[in-house]
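Numbering (the numbering used here), first residue to last: 639 to 1007.
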């Protein structure tokens, strides 16, 4: 069972009962210290209170208190430090994992084990872990210590199933064996990953990106054809209404572009007239240099939306869903540029893709330079 204690603390309890063993309870209190570091205090009652001595000797969960510190060091490093004190044995453990890339990681650690009689063992571990496929992870680890000798372990994990194959290399500590069993495989793994695996993955990513670009381009052409067909159907009515509006001095859409537009709106200038002139000059320059692949002309579709010398587009939804529009810059921020005339004055406005548009407005008026 667990319970949240505020926004940065958590408490959990667990009770286990194994056959022929007394119940064992575990209480864990954890708290976030920083954005990347957390601490936990764990208290285990253990099952040393079993009535039978044999059961107590075979206790799977000895009693003890442990203080654990876990966290991240930068974007590639994870660490874990634990100090545990128990009735029969205590230990201090430090572990560090360095991610070489998204598929390969180096693992290192050290453990000091002691009891009331003194230090039992000082052991270290060095290993490498690699993602063989999307569902399979394989690793090689070498544990070596003063009393534990040298043991190599091959471990494979697939779909939640684990396979471990321990190999006792020497009963005592032999640094030559450690170097051959740990450093050599790690060096080979790094070399193979750098020279073979990583370039192959990069090629696969580039190929997949190229395929996605081709698919996106095909979808863009399809959307563009539909938008152009819609604009063609709108054109006669839009042209008639715009001619009538021009003759009456009403709202006329002169030019409209939608997409990844490089327009600069000079809202920083405290002089309103100078700001309007700067905005007009910047938008006209960008209009002349606009990339046709990044923006589309929506003059006719926008003119078709004019009703009663007014045009209002609500905020919230992307404008690519409007009739006659399409998305010419998939995945990039988009904007709508509109140049229109009203009562003989030229106006310009740029709005974000999800921003409302309401014209005509006096604030959009510009002064010809």
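The beta carbon of each residue, even a glycine, is placed where N, CA and C say it ideally should be.
Treat the numbers as computed from the prediction; the structure is a model and nothing was measured.
Asked, Found
"Whole angstroms are fine: how far does the CA of residue 859 sit from the CA of residue 891?", "26 Å"
"With three or more C-beta pairs closer than 8 Å as the rule, is the stretch 749-758 touching the stretch 767-778?", "no"
"From the DSSP output, which residues share a beta bridge with residue 781?", "763, 789"
"Thinking residue 828 and residue 738 are a contact (beta carbons under 8 Å), I'd like their distance in whole angstroms, please.", "7 Å"
"Return the CA-CA distance between residue 781 and residue 673, expressed in angstroms with no decimal places.", "32 Å"
"Helix, strand or coil, according to DSSP, for residue 683 in the structure here?", "coil"
"Span of the alpha helix (DSSP H) holding residue 879?", "836-886"
"Do you know offhand how far residue 871's Cα is from residue 836's?", "52 Å"
"Using only CA atoms, which one of 833, 965, 986, 802 lies nearest to residue 975?", "986"
"Counting along the chain, where does the beta strand (DSSP E) carrying residue 804 start and finish?", "799-808"
"Give the straight-line distance between the Cα atoms of residue 678 and residue 706, rounded to the nearest whole angstrom.", "5 Å"
"For residue 690, count neighbouring C-beta atoms within 10 Å of its own C-beta (all shown protein chains included) and say buried if the count is 16 or more, exposed if not.", "Residue placement at residue 690 is poorly supported in this model, since its pLDDT is 48, which falls under 50; the coordinates still yield a value, given next. By the 10 Å Cβ count, residue 690 comes out exposed."
"Could you work out which residue in 886, 941, 850 is closest to residue 894 when comparing CA atoms only?", "941"
"Can you round the beta-carbon distance between residue 789 and residue 811 to whole angstroms, since I take them to be within the 8 Å contact cut?", "The Cβ separation is near 11 Å, so there is no contact."
"Thinking C-alpha only, which one of 867, 661, 652, 792 is nearest residue 680?", "652"
"Are the stretch 953-961 and the stretch 988-1000 in contact at 8 Å, needing three or more beta carbon pairs?", "yes"
"By the DSSP assignment, the beta strand (DSSP E) with residue 724 in it spans what residues?", "715-724"
"Exposed or buried, which one is residue 704 when buried takes at least 16 other CB atoms within 10 Å?", "buried"
"Sorted by chain position, which residues of the same chain lie with C-beta nearer than 8 Å to residue 647's C-beta, five sequence neighbours on each side aside?", "667, 668, 669, 670"
"State the DSSP-derived secondary structure class of residue 832, mapped to helix, strand or coil.", "helix"
"Residue 963 and residue 854 - do their beta-carbons sit closer together than 8 Å?", "no"
"Inspect the beta-carbon positions of residue 796 and residue 778 and report whether they are closer than 8 Å.", "no"
"Roughly how many whole angstroms lie between the Cα atoms of residue 675 and residue 733?", "14 Å"
"Given residue 887, which residues of its chain have a CB within under 7 Å of its CB, disregarding the five upstream and five downstream residues?", "981, 982"
"Return the bridge partner residues of residue 993 from the DSSP annotation.", "Its beta-bridge partners do not exist; DSSP assigns none."
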